[in-house]
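Asks: The sequence shown begins at 33 in the numbering used here and counts up one residue at a time. Beta carbons: idealized from backbone N, C-alpha and C, even for Gly. Before anything else, here's the structure in question.
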Amino acid sequence: MNPMGSGMQERRNLVFVGGLHRSGTTPLARAIASHPDVSGLSGTGVPEDEGQHLQDVYPKIRAYGGMGRFANHKMAHLTETSPLVSEANAQRLLRSWEPYWDLGRTYLLEKSPSNLIMGRFLQGLFPGSAMIVVIRHPIVVALALQKWNPRLISRNGRRHTSMTDLVAHWVLAHELLREDSAFLNRLHVMRYEDLVADPPGQLEPVQHLIGLKTPIPSDAFRKDQSAKYQEQWEAMASGRHLQRRQRRVIEQRFSEAVRIFGYDVADLSVSPSWSLT
């Protein structure tokens, strides 16, 4: 589990939050960090106060194509076997994040989407750390990402990604998470839909995993954030030929893979029971 053996210091006070873009990582991280015993990164000046942008130990996701693409690159899936796992790099990461934490708090939180497929790597660097992952319906994630999806190619070279490719990326990233889960000692995975439906109930196991003595504030979540995407998806069933074809291809290719995580590609309002294992 830990290639550095006893040489790596136990760091149970570190909490990592991960999940694909538009999956709810930011409101979840902010809720946890609003607890009086937890400090999240703040005042960083980087997008969403994500720790990935503040460090130079591992490549940022833009090196692997950015949002909706990064999990497609094998090099983005870091584990405890990576040569980057060392005490020196653990200290380097902490030095890059510490100026933006309130070090008077007991628990220190870092959030980045790529943590979704870097849990084993972060555990290798910081044994005893906790990993909280939030997942959201792949169709909603794909539709929500359209805001940043260029029609052809953006000024920074980012190319258009089809809805089919965005869903395929979702499936791959979460399959990697399932594989990694067997190696992670302190992991909790929740669905965004369950979180907004019952914030106190969904945050209670997070509270216990971290070791907080009092509940995590749960009044900042809204239940209606996916309704417009459900309407868009339903409209595609009777839309233009390309939209109908795209929806049909996604349903045929990914229905089974998505159902494992408790989602129905044909009906976004359905959330059957599920288990990561």
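How far does the beta strand (DSSP E) with residue 156 in it reach, from first residue to last?
Replies: It is not in any beta strand (DSSP E) - residue 156 instead sits in the alpha helix (DSSP H) that spans 151 to 157.
Asks: So, are the CB atoms of residue 143 and residue 82 less than 8 Å apart?
Replies: In contact: residue 143 and residue 82 (Cβ atoms closer than 8 Å).
Asks: Could you tell me the alpha carbon to alpha carbon distance between residue 136 and residue 69, rounded to whole angstroms?
Replies: If you take the alpha carbons of residue 136 and residue 69, they lie about 9 Å apart.
Asks: So, does the region 108 to 122 touch the region 161 to 168, judging by three or more C-beta pairs under 8 Å?
Replies: Output reads no: the region 161 to 168 does not touch the region 108 to 122.
Asks: In whole angstroms, give me the CA-to-CA distance for residue 79 and residue 103.
Replies: C-alpha separation (whole angstroms): 20 Å.
Asks: If you reduce the DSSP assignment to three classes, tell me which class residue 162 lands in.
Replies: Correct three-state label for residue 162: strand.
Asks: Leaving out five residues before and five after residue 87 in sequence, what residues of the same chain have Cβ atoms less than 8 Å from its Cβ?
Replies: Closer than 8 Å at the Cβ level, and outside the excluded window around residue 87, lie 124, 125, 128, 129.
Asks: Is it buried or exposed, residue 75, if we count other Cβ atoms within 10 angstroms and call 16 or more buried?
Replies: Classification for residue 75: exposed.
Asks: Suppose you measure from the CA of residue 275 to the CA of residue 281; what does that come to, to the nearest Å?
Replies: Approximately 10 Å, taken between the alpha carbons.
Asks: Classify residue 55 as buried or exposed, calling it buried when 16 or more other Cβ atoms lie within 10 Å of its own Cβ.
Replies: Buried, because 16 or more other Cβ atoms sit within 10 Å of the Cβ of residue 55.
Asks: Note the first and the last residue of the continuous beta strand (DSSP E) segment covering residue 139.
Replies: Where residue 139 is concerned, the enclosing beta strand (DSSP E) stretches over 139 to 143.
Asks: Can you say whether residue 71 is buried or exposed, counting buried as having 16 or more other CB atoms within 10 angstroms of its CB?
Replies: When all chains shown are included, residue 71 counts as buried.
Asks: Relative to the C-alpha of residue 93, which residue among 147, 57, 261, 199 is closest?
Replies: That would be 147, whose Cα lies nearest to the Cα of residue 93.
Asks: Alpha carbon to alpha carbon, what distance is there between residue 286 and residue 211?
Replies: The straight-line gap from Cα to Cα measures roughly 18 Å.
Asks: Which whole-angstrom value is the C-beta distance of residue 317 and residue 43, which I expect to be below 8 Å?
Replies: Nothing in the structure corresponds to residue 317, since the chain is present only between 33 and 309.
Asks: So residue 220 is in the beta strand (DSSP E); what residue range does that whole segment cover?
Replies: Counting along the chain, the beta strand (DSSP E) containing residue 220 begins and ends at 219 to 223.
Asks: Between the Cα of residue 261 and those of 236, 252, 248, 297, spot the shortest distance and give me the residue it belongs to.
Replies: Comparing Cα positions, the closest option is 297.
Asks: Hey, out of 235, 177, 256, whose CA is closest to residue 246's CA?
Replies: Comparing Cα-Cα distances from residue 246 to each of 235, 177, 256, the minimum goes to 235.
Asks: Output the distance between the C-alpha atoms of residue 294 and residue 138, rounded to the nearest integer angstrom.
Replies: Distance between the alpha carbons of residue 294 and residue 138 is about 35 Å.
Asks: Cutting at 7 Å between CB atoms, please list the residues of its own chain near residue 213, excluding the five before and the five after it.
Replies: Excluding sequence neighbours, residue 213 sits near 219, 308, 309.
Asks: Since residue 71 sits in a beta bridge, which residues does DSSP pair it with?
Replies: Partner(s): 140.
Asks: Consult DSSP for residue 308 and reduce its assignment to one of helix, strand or coil.
Replies: Coil, per DSSP.
Asks: Just verifying my parser: in three-state terms, what is the DSSP assignment at residue 48?
Replies: Looking at residue 48 - three-state DSSP - the assignment turns out to be strand.
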